[in-house]
Every structure is written in C-alpha cells, then in structure tokens.
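These notes concern the structure reproduced below.
Chains as they are written, first to last, in our numbering: chain Y, 1 to 110; chain E, 1 to 116.
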C-alpha cells in the first residue's frame, strides 16, 4: 500500500522552461510535505517543504503547491537549469517519520 | 556545520557476516533517523531516536537489526547474519526538535551495502 505516489518515473524539459513534478498521497493524516533532490551515490538533499495549513510555498526558483482536497502536491522549478537534473522525491509526514514516493528522474536538456 | 556524515560509504560482505554502520548527525540535532533505500524505491523508515532513546522501530527492522545511540550523539546500525536481501543503501538523517511543528530532516550520503 503505497501512501505517497509519484506516477511519472521520468520527465525531460528544456533549459529555461518550467519543470512540474507531481505527487499524490492517500493518507489524510499527513500534515507536512517535503521535496528532496538526489544525485547518484549521494543522500537526498532537502529542497522545500509545506505545511498542510498552506497551499503554496516559494523559495527562489522552487515553488510547492498543495491541494488538500485532491491530496495532490506539485513542485515547480522555474527556470529549469541543467544542474537541476536529478531524481526528485516527494515525502510526507504525519508525525516525525517520512514516507517517500518512488521518485521522478528529471532531465534538463541544454 | 559539516552536515550528516556516514561511514563507511561502501561495504561489501559475505552472506552470514555481521556489519556495523556509523552515523554522525549535525551537532545540534537531537533527533536521528535511519532509512533504507533499495533500487527503484524511495527511502523507507527503519528507526528513530530522540537523544539516546529509540522511540520507534519499523516492522522492516527484523531482529537481526539493532541500532544504538549511546550518548545521544552518533548512532550505529548493526546487521547480524546478513542476507542478500539486506543489500541496499542505508541512509541516516537528523533534525532539530524545536516547537510543535515538523522539523526538516537532513540526510547523510548513505552507506551502500552489498551482500554476496
């Protein structure tokens, strides 16, 4: 029973365009959501988070949107850069432990 | 602040051997977590410490696994009688515990275990 789902295994975008990564969850007890970026052979790097009491959080080129009624969140990266190429994980928490999706491989082409 | 560190980065062992991994969290963080990641999956929660107290263990953590955080600083994860199914990336994370809100977890580089 996967409580956090990232249905797109991969995404390819052109440099300078917008990247949109999507995530769905099933557990209505989740109240905090995070996005992590991971390069091969490294641990996940924290990017941005959002509390369930908000619907948007922005940090530089990264914006996370939360739609609680749809149990859906998305990460927007604008403008996308080749260095953004990595696996992006969506994670959710109801207490202190994180439940992760399987990740989406983002490739930003120059 | 040097971030979360983990040692060793890679470990190859034969089935049936015991292995131990170490995690050093960010110095002011009193919460420490262990996760395991297998190929094509996201990290999965294994266990969690608040200072030296182990507060939760996942059912993924069989009795062959044991974790300690003796002085509330570094932590060790030991796997006894390793099996090929234990091959994975073992990730450590740490966080603060300020206030009642969630505190973001910061991950180390992981230890990749290969059981032959």
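Glycine included, every Cβ here is placed at the ideal spot set by N, Cα and C.
No experiment lies behind these values; they were computed from the predicted model shown.
Would you tell me roughly how many angstroms separate the C-alpha atoms of residue i and residue j, rounded to the nearest one?
i, j, result
"residue 52(E)", "residue 33(E)", "12 Å"
"residue 83(E)", "residue 61(Y)", "43 Å"
"residue 175(Y)", "residue 110(E)", "For chain Y, the structure presents residues 1 to 110; residue 175(Y) sits outside this window and is missing."
"residue 69(Y)", "residue 15(Y)", "32 Å"
"residue 28(Y)", "residue 96(E)", "25 Å"
"residue 11(E)", "residue 64(E)", "17 Å"
"residue 63(Y)", "residue 91(E)", "26 Å"
"residue 49(E)", "residue 68(E)", "9 Å"
"residue 65(Y)", "residue 73(Y)", "5 Å"
"residue 8(Y)", "residue 29(E)", "34 Å"
"residue 115(E)", "residue 62(E)", "17 Å"
"residue 88(E)", "residue 23(Y)", "24 Å"
Per DSSP, which residues does residue i bridge with? Please list them.
i, result
"residue 72(Y)", "24(Y) and 67(Y)"
"residue 32(E)", "49(E) and 94(E)"
"residue 20(E)", "78(E)"
"residue 57(Y)", "64(Y)"
"residue 113(E)", "11(E) and 88(E)"
Any beta carbon from chain Y within less than 8 Å of residue i's own beta carbon?
i, result
"residue 84(E)", "no"
"residue 102(E)", "yes"
"residue 91(E)", "yes"
State yes or no: is the beta carbon of residue i nearer than 8 Å to at least one beta carbon in chain E?
i, result
"residue 83(Y)", "no"
"residue 88(Y)", "no"
"residue 32(Y)", "yes"
"residue 16(Y)", "no"
"residue 60(Y)", "no"
At 7 Å on the CB atoms, spell out the chain A contacts of residue i, in chain order.
i, result
"residue 98(Y)", "Here chain A cannot be found, since the structure's protein chains are Y and E."
Determine the closest residue to residue i out of the options, with distance taken between C-alpha atoms.
i, options, result
"residue 56(Y)", "2(Y), 86(Y) and 34(Y)", "34(Y)"
"residue 60(E)", "96(E), 9(E), 79(E) and 97(E)", "79(E)"
"residue 4(E)", "37(Y), 43(Y) and 12(Y)", "43(Y)"
"residue 45(E)", "93(Y), 105(Y) and 22(Y)", "93(Y)"
Legend entry - Members of the region 104 to 115 of chain E near chain Y, C-beta cut-off 9 Å: 104, 105, 106, 107, 108, 109, 110 and 112
Inset, instruction - Could you name the residues of the region 39 to 52 of chain Y whose beta carbon sits closer than 8 Å to any beta carbon of chain E, in the order they occur along the chain? - result: Per Cβ criterion, the list reads 41, 42, 43, 44, 45, 46, 49 and 51.
Inset, instruction - Could you please tell me which residues of the region 15 to 43 of chain E, in chain order, have their CB closer than 8 Å to any CB of chain Y? - result: Per Cβ criterion, the list reads 31, 33, 35, 40, 41, 42 and 43.
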